[in-house]
Structure formats: C-alpha cells, structure tokens
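Residue numbers (the numbering used here): 74 to 648. Backbone N, C-alpha and C define an ideal beta-carbon position, used for all residues, glycine too. Here the structure is a predicted model, which means the values were calculated and not measured. Right, one structure below, let's go through it.
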Amino acid sequence: MTPRWIAAVGLVLVAAVTVVVVLQSGESAPPPPSEPSPDAEATPNAQPTDDRPLPKKAYLRAACGLPAEWVERIYRGWKPGSARDDDLVLVPTPPNYMGTFINTSHSAAYDFLQEVPLVLYGPGLIKPTGPTRLEGEVTIADLAPTFAELMDFEGWPDRKPSRSLSEILETTDQKPKLIVTAVMDGGGWNALEQWPGAWPNIERLADEGASLEGAIVGSSPSITPATHTNLSTGTFPRQHGVSAIAVRADDGAIVGSFSESAGNPGARMMDPRISLRRTTIADEWDRANGNRPKIGMLGSGNLQLGMIGFGAALRGGDKDFAVMKSGEGWITNEEFYSLPSYVNEEVAGPEGDIESVDRSDGEADGKWLGHEIPVDGSPAFAPWENRTMQAVLEREGFGDDSVTDLFYVNYKAPDRAGHLYNMIAPEQREVIASVDAAIGDMVAWLDDNVGRGGYVMVVTADHGQTPLEAGGWPIARDEIVSDINASFAPEGQSVLQRTSASSFFMRSEEIDAFGTSPGEIASYLSRYRIKDNIPPGGSVPEGFQNRLNERIFDAVFPGSKLDAIVDCTGAFGTK
Ligand SMILES: [Zn+2]
Numbered sequence: 074m075t076p077r078w079i080a081a082v083g084l085v086l087v088a089a090v091t092v093v094v095v096l097q098s099g100e101s102a103p104p105p106p107s108e109p110s111p112d113a114e115a116t117p118n119a120q121p122t123d124d125r126p127l128p129k130k131a132y133l134r135a136a137c138g139l140p141a142e143w144v145e146r147i148y149r150g151w152k153p154g155s156a157r158d159d160d161l162v163l164v165p166t167p168p169n170y171m172g173t174f175i176n177t178s179h180s181a182a183y184d185f186l187q188e189v190p191l192v193l194y195g196p197g198l199i200k201p202t203g204p205t206r207l208e209g210e211v212t213i214a215d216l217a218p219t220f221a222e223l224m225d226f227e228g229w230p231d232r233k234p235s236r237s238l239s240e241i242l243e244t245t246d247q248k249p250k251l252i253v254t255a256v257m258d259g260g261g262w263n264a265l266e267q268w269p270g271a272w273p274n275i276e277r278l279a280d281e282g283a284s285l286e287g288a289i290v291g292s293s294p295s296i297t298p299a300t301h302t303n304l305s306t307g308t309f310p311r312q313h314g315v316s317a318i319a320v321r322a323d324d325g326a327i328v329g330s331f332s333e334s335a336g337n338p339g340a341r342m343m344d345p346r347i348s349l350r351r352t353t354i355a356d357e358w359d360r361a362n363g364n365r366p367k368i369g370m371l372g373s374g375n376l377q378l379g380m381i382g383f384g385a386a387l388r389g390g391d392k393d394f395a396v397m398k399s400g401e402g403w404i405t406n407e408e409f410y411s412l413p414s415y416v417n418e419e420v421a422g423p424e425g426d427i428e429s430v431d432r433s434d435g436e437a438d439g440k441w442l443g444h445e446i447p448v449d450g451s452p453a454f455a456p457w458e459n460r461t462m463q464a465v466l467e468r469e470g471f472g473d474d475s476v477t478d479l480f481y482v483n484y485k486a487p488d489r490a491g492h493l494y495n496m497i498a499p500e501q502r503e504v505i506a507s508v509d510a511a512i513g514d515m516v517a518w519l520d521d522n523v524g525r526g527g528y529v530m531v532v533t534a535d536h537g538q539t540p541l542e543a544g545g546w547p548i549a550r551d552e553i554v555s556d557i558n559a560s561f562a563p564e565g566q567s568v569l570q571r572t573s574a575s576s577f578f579m580r581s582e583e584i585d586a587f588g589t590s591p592g593e594i595a596s597y598l599s600r601y602r603i604k605d606n607i608p609p610g611g612s613v614p615e616g617f618q619n620r621l622n623e624r625i626f627d628a629v630f631p632g633s634k635l636d637a638i639v640d641c642t643g644a645f646g647t648k
C-alpha cells in the first residue's frame, strides 16, 4: 500500500501543475480552479476500520450506521476545507423532508431522489441497446467524458470517477455535428413512474437508443445547480464547487450558486465565477477549437448556468448563448454570454401556449385545473422553450458544420409543478406529458435539420421528487430553528445562519460564545422527534397520532466529522 504522505504529495503536485482555468482579471475573481488528482475523490483519512471501536457519541454511532452509498453521495456533494466544519449535515429518515404538507423538498442521497433517466439517442452514433445496465456505477457526470469520446476530444482531462459510457457508443469515424442535452427538472424516475403512459417519446428514445439503468445524479443534495454542474463538468460539488443553491464560500461567506447573494436571484444575476471551480466540457471543447464550436443553453434562470460554464469569463472564451427566462421574456448576463435579440422580438411569447393550457381543461376561464396558470409550472412552458431554442439553433447554424456544437436545455415545469401541487397531483402528469412532447418535437427537428447520423439527443434529469402521502414528516423549519435556539442560544439570539433542506449553516462564533459545540447540537437533533417539531398549541396532523415519538433524522453530524463517517461506514470501499 502506498503510504498516505506519498499520495498527499502527489495530490499537491498535480494541483500545482495543472491549473486549467484562467479567469479574466478582476479584484473579486476567485482563485482559478485546478484539476483534481485523478483519485481526488478518495478520502485522505480512509483506513481500515475493522479493529476500531465504535464512536462513543450516540450521534456519531447513528451516522456510522448510514448506508455507505448515502455517505458517498453526501461526501461528493460537500465542499472540502474547514469553512463548513461547523455546518450540520442533515439526513432525515426517508421519506421525511424539510417542507410543508404541500411543498416537498428533494435534496438528499436516497435512491428515489437520485435515480434519473439517462437516455442517449443518436442513430449511427449510439448503439440501439435499449435499457442497458453497465458494470459499475453510472452517474450523469459520465456525460462529459462520453461527449469527449463522441467528439474525439483527446484534450478532455480524466476526471475520475466519471468515465465515458463507451459500451453504448457505435464504433465509427463519424462525429456528431450537434449534441442536444435535455434535462427534465425534477424528472427523476419516481416522478415518471408515477405517470406511466405520459412519456411515450422518452420511452421510444430509451428503446431505440440506449437507456442506462440504475443511473443516478451521484451527489447529495440532489438539487438543480449542483447536479446540472455534475453533468457538464464530469465532477461532483466537492470538485466543481456548486454545492447547492446557497454555497459556503472558502472565506466563510454564504453566496449563491451563481450570484453574490445567497439564494436564487433568477436570471438577472448570473456570474459563473462565484462558486464554479471546474471547466465544463463546453468550455474545454470551445477553447480547444478556437471558439468555433457553437455553445448554447436555454433555461429558466440562474440555477442551471453550470450546464454551459464560464462563457467569456474564461480567458480566451467567447460569449456563448445563455437564453434564460425572466418573466415572460428571455435575458442573459451580457458580460459573459450572449442573447440574440430575435428571441424576444420575433419568436412568439407564451401567450398562445397559456391560452391552450387554459382551454385544455374544457373552459376558457383563465384557469388550469381550477387555479392560476404558472407559466414555468404548466404545460405552457415546454412548447415556448422549444420554439425559442429551435429559433436559436436554426438562425445561429447549430449542427451546420463538422465541428460538434453543444446545446443544453432545462425543462423546468415538472419541478415547479411538483413544488406547487406535488408529483402525485394530475398537474404533474400534464407537465410531464408536455415535456415529453417537446422532446419528441426536438428529435423531429434534429431529423429534419441535422439529419440522422449527425446528432445525439440526451434526455436526463437533475433529481426525483418527494411524493406526498408516502408518510413523510414535513420538517417545519421555523419550529426546528426555534427549538435549537431555545436549547443553545440566549433569548433573541441564534446559532444558525441559514437553513436548507440538507444542511444547516451554523454561526461558529456564537456557538463558541454560548459555550456549546456543533457536536452537541447534532446530538440534540439526532434525538429530535416528530412531537418536538409540532409548534406549541399546534394540533397533530392526521396519520401522525401514533408516530409522535419517532425520531425525524437517521443522522445529523457536523461537516468536520464527514471524513470519519466515510471511514466508519466503509464508503468508497474503505472498509
Ligand atoms: Zn426543486
């Protein structure tokens, strides 16, 4: 076995010599990302543990009982470094979730949130294997190296553990002129399987192309900005940095995925330099070919920007097309990306699509299934997205020459409708059907405009969804925060900086000053029960009368313990 220190020295050397991203100069620009060592995913502290006594603390013993797969996904999703040492990792007992009895969250390591379609379709380029299970783990991060192989791009760095899905690629000298990647937001397998028959086009592509069985998003939290960046960079948040909607920067500040302000500011702010620390396949391919490849994306806002990457924020990069919804139009950040004016001036807006959604329930009353029509959470969005995307593809000449072009589209409606009505509501069936129709329409467009043999169409998703009525306890945020502070902080003060569905951002100085520790708070939460999370005077929701003493979390632990938990659970084969 190689002594640990040799591996560590190797890691430092690799980091020092392979700086791949040079950002444009600017005071606020973060340090340039560097290539990780090929085995950077392995935990530096991993050691055999068979002869090691179980930890004394109950909360650590609970964490050591987590499935190794969950811990692997959490580890990949957690940014390295000491900035997050005191932040708490939350592992609710599935299907418990942070949210309400209407709005569920979907940020976790469980299979039902991780398992997503991964379908590649491209006559002549992708083997028509149908549903296929490959040996070893398959994640959406495998798309980047797979594209590299399809394009014959030898300059793509080896970013383990992602690997090319070579088994499903035809042996041919032909290269695709255009690869279109469609991401169904919230379109994980559990949402699709809830509505069989609503996605005939996806089913056809899965049968006539290759559908990778058991594919997962690969990291937790399973949330839009993080997983969209997995598929483009071939890495996980531990390397690419876009760990969630709110990100703890290395200096301790909380920022957004692609904005200085934490949270989701929509498309009005889109700065790839904030958290992104790895180039995407689009960035690298563009740079290697003097910006001749056409690169573009269409999405519903800030959170999906990781799909294309840095644009002109990369030295030598150009302004790729980033067409992002804002209100009933499209915008971009013109500092780093471009937006053709015709998408707003000539392509029809969503009015007609909204009108047909209105009429689809039998009544032209301005309502859809009895409520207002949220454009991006209704079947009106996907057709508008397609019309806009196809205008860009046509007018900009995507797929016109032999240099492979890349286009990414996020279909937002399943996620948005899922948060508004839940995946078990009939609205979900309709939005899934609308996205499926849009995917079918895109393949027809590709057949007509690029031709069979010249394109690859990828269909995947960024996460599944949490169904209501599965018995999950919706963890009430205000209540858990006030309980923590009542136990650990003086009246009117707080040990918490910010909450999210998968972790709590803690205030280290206050925790010290109040004489407590992240471990003590983790310990408290590990014992936290359903009855504790019902506000004083609140009634017990139906179905929970006999469950009041159930613990809410399988485990809660501070980030500083993550390496030890990788070790004790045997994640990454460390046992
Ligand atoms: Zn969501």
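What residue does the beta strand (DSSP E) around residue i start on, and which one ends it?
i: L191; result: 191-194
i: D393; result: 393-399
i: D627; result: 626-631
i: N558; result: Counting along the chain, N558 falls outside any beta strand (DSSP E), though it belongs to the alpha helix (DSSP H) covering 550-561.
i: N49; result: Outside the shown range of the chain (74 to 648) lies residue 49, about which nothing can therefore be said.
i: W358; result: Run containing W358: none in the beta strand (DSSP E); it sits in the alpha helix (DSSP H), 354-361.
i: W403; result: 402-404
i: T245; result: No beta strand (DSSP E) holds T245; DSSP gives it neither H nor E.
For residue i, which of helix, strand or coil comes out of DSSP?
i: T219; result: helix
i: Q97; result: At Q97, the pLDDT of 42 sits below 50, so the modelled position is not reliable; the number obtained from the coordinates is stated separately. Here Q97 sits in coil by DSSP.
i: T589; result: coil
i: I594; result: helix
i: E436; result: coil
i: Y132; result: helix
i: R277; result: helix
i: Y494; result: helix
i: L412; result: coil
i: Q267; result: helix
i: A534; result: strand
i: T254; result: strand
i: I607; result: coil
i: V529; result: strand
i: I175; result: coil
i: I289; result: strand
i: G379; result: helix
i: T647; result: coil
i: Q566; result: coil
i: W441; result: strand
With distances taken Cα to Cα, identify the nearest neighbour of residue i among the options.
i: R624; options: A135, P128, V315; result: A135
i: I427; options: V416, S414, W441, P153; result: W441
i: G706; options: K398, G172, G307, S596; result: The structure shown does not extend to residue 706, since the chain is modelled only from 74 through 648, so no value can be given for it.
i: R460; options: N417, A490, S475, I446; result: N417
i: F185; options: E281, N274, A288, A255; result: A288
i: V482; options: D474, P456, A156, D556; result: P456
i: A395; options: D449, S507, L378, R341; result: L378
i: G339; options: S293, I497, F409, S373; result: S373
i: G384; options: K398, G402, W403, D359; result: D359
i: T642; options: L127, P128, I318, G138; result: G138
i: I318; options: W518, P499, I347; result: I347
i: A264; options: K634, I505, A355, E333; result: I505
Rounded to whole angstroms, how far is the Cβ of residue i from the Cβ of residue j, which I believe are closer than 8 Å?
i: Q312; j: R365; result: Contact doesn't hold; Cβ gap of about 28 Å is too wide.
Determine the extent of the alpha helix (DSSP H) in which residue i is found, giving its start and end residues.
i: L466; result: 454-469
i: Q312; result: 310-313
i: R321; result: R321 -> not in any alpha helix (DSSP H); beta strand (DSSP E) instead, spanning 319-321.
i: M579; result: It is not in any alpha helix (DSSP H) - M579 instead sits in the beta strand (DSSP E) that spans 576-579.
i: P298; result: 297-306
i: R388; result: Neither: R388 is in no alpha helix (DSSP H) and is coded neither H nor E.
i: L186; result: 184-187
i: R149; result: 141-150
i: M515; result: 499-522
i: V639; result: 635-642
Determine the burial state of residue i: buried for a count of at least 16 other Cβ atoms within 10 Å of its Cβ, exposed for fewer.
i: V31; result: The first residue shown for the chain is 74 and the last is 648, placing residue 31 beyond what the model contains.
i: R146; result: buried
i: E357; result: buried
i: P273; result: exposed
i: K367; result: buried
i: D640; result: buried
i: K129; result: exposed
i: G611; result: exposed
i: N566; result: As written in the sequence, residue 566 is Gln, which differs from the Asn given in the question. When all chains shown are included, Q566 counts as exposed.
i: Q538; result: buried
For ligand 3, is there a heavy atom less than 8 Å away from the beta-carbon of residue i?
i: R432; result: For ligand 3, the structure offers nothing, since it holds only ligand 1.
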